[in-house]
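Working notes for the structure below.
Numbering (the working numbering), first residue to last: 94 to 285.
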């Protein structure tokens, strides 16, 4: 196995071009570690590269649930070494981050977007959108059936019924889209 510093790690398939999407195995390997998810969250909030020192401080602050200025030297060093020797080389090899070891800078790379879909989970207290849309479709079919059968007052105002259904569907889609945007890693305060 290759060695970087004192850390041993298994080699991942080399994926250096966007034409090759990350395999599920590689994605899960990248996301199984909390520090890597923190790195992805922090980098998702930036358009420019960040120094390894600044990144390690932000990861440490998240991990120790404190402010950057309240971190001690051991906490900073522990995260810095772990990122430099283990996590960033793995993420770089999968082309998820661009880690320049000489300049000590890190930025998101081309394959980073492949990770986002796996991070969009549904918490226990969240809306199950598939069930919501299924219910909405059921209501729509019921209304169409009433229109077809000529049940008043729906049959008197078919245009109004259609307009209301389209407005409800469109409004639901907008709310759903905004909800998903807020849940994306890198857009909120807490990454996990």
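All residues carry an ideal CB built from backbone N, CA and C; glycine is no exception.
Apart from the five residues just before and just after residue 142, which ones in its own chain have a Cβ nearer than 7 Å to its Cβ?
If you number the chain shown from 1, residue 142 lands on position 49. Excluding sequence neighbours, residue 142 sits near 198, 199 and 200.
What does the alpha-carbon distance come out to for the pair residue 176 and residue 116?
Within the chain shown, the letter at position 83 stands for residue 176. Within the chain shown, the letter at position 23 stands for residue 116. Here the alpha carbons of residue 116 and residue 176 stand approximately 23 Å from one another.
Quick check for students: name the residue ranges of the alpha helix (DSSP H) that lie wholly in the segment 105-174, counting only runs of 4 or more.
Listed in chain order, the complete alpha helix (DSSP H) runs (minimum 4 residues) inside the segment 105-174 are 117-124, 127-137 and 145-156.
Are the beta-carbon atoms of residue 202 and residue 193 separated by less than 7 Å?
Within the chain shown, numbered from 1, the residue matching residue 202 stands at position 109. Within the chain shown, numbered from 1, the residue matching residue 193 stands at position 100. No, the Cβ-Cβ distance between residue 202 and residue 193 is not below 7 Å.
I need the DSSP call for residue 221, collapsed to helix, strand or coil.
Position 128 of the chain shown, counted from the first residue, corresponds to residue 221. If DSSP states are grouped into helix, strand and coil, residue 221 belongs with coil.
Can you give the Cα-Cα distance for residue 267 and residue 274, rounded to whole angstroms?
To locate residue 267, count along the chain shown from 1; it is residue 174. To locate residue 274, count along the chain shown from 1; it is residue 181. Spanning the two alpha carbons is a distance of roughly 11 Å.
Run through the segment 250-280 for me and flag every whole alpha helix (DSSP H) of 4 or more residues, listed as ranges in chain order.
Restricted to the segment 250-280, the alpha helix (DSSP H) segments that are unbroken, complete and at least 4 residues in length are 251-276, listed in chain order.
Are at least three pairs of beta-carbons, each pair with one atom in the segment 149-159 and one in the segment 121-141, less than 8 Å apart?
The segment 149-159 vs the segment 121-141: in contact.
With which residues is residue 207 paired in a DSSP beta bridge?
Sequence index remark: in the chain shown, residue 207 carries index 114 (1-based). Within the DSSP bridge table, the entry for residue 207 names no partner.
Where the beta strand (DSSP E) through residue 201 begins and ends:
In the chain shown, counting from the first residue as 1, residue 201 sits at position 108. Run containing residue 201: 198-201, per the beta strand (DSSP E) assignment.
For residue 165, collect the residues of the same chain with a Cβ closer than 7 Å to its Cβ; drop the 5 residues on either side in sequence, then sort them by chain order.
Working through the chain shown from its first residue, we reach residue 165 at position 72. Excluding positions up to five away in sequence, the list is empty.
Output the boundary residues of the alpha helix (DSSP H) element that contains residue 186.
By 1-based counting over the chain shown, the position of residue 186 is 93. Unbroken alpha helix (DSSP H) run through residue 186: 181-186.
For residue 204, would you say it is in contact with chain E, using Cβ-to-Cβ distances shorter than 7 Å as the test?
The structure shown has no chain E; it contains just one protein chain.
Determine the direct distance from the alpha carbon of residue 225 to that of residue 254, and round the result to whole angstroms.
As a working mapping, residue 254 is identified with position 161 in the chain shown. As a working mapping, residue 225 is identified with position 132 in the chain shown. In this structure, the CA atom of residue 254 is about 19 Å from the CA atom of residue 225.
Can you tell me whether residue 189 is helix, strand or coil according to DSSP?
Taking the first residue of the chain shown as 1, we reach residue 189 at position 96. In the structure shown, residue 189 sits in coil (DSSP, three-state: anything other than H, G, I, E or B).
Have a look at 237, 182, 265 and 241 and flag the residue whose alpha-carbon is nearest the alpha-carbon of residue 122.
On the chain shown, position 29 is the one that residue 122 refers to. When each option's Cα is compared against that of residue 122, the closest is 182.
How big is the Cα-Cα spacing for residue 119 and residue 160?
Stepping through the chain shown from its first residue, residue 119 is reached at position 26. Stepping through the chain shown from its first residue, residue 160 is reached at position 67. Between the alpha carbons of residue 119 and residue 160 lies a distance of about 32 Å.
Only counting the same chain, and skipping five residues up and downstream in sequence, which positions put a Cβ closer than 7 Å to that of residue 249?
To locate residue 249, count along the chain shown from 1; it is residue 156. The beta carbon of residue 249 is closer than 7 Å to none in its chain, skipping five residues each way along the sequence.
Helix, strand or coil at residue 102 [DSSP, three-state]
The residue labelled residue 102 in the question sits at position 9 within the chain shown. The predicted position of residue 102 is uncertain, since its pLDDT is 39 and thus under 50; no value can be drawn from it.
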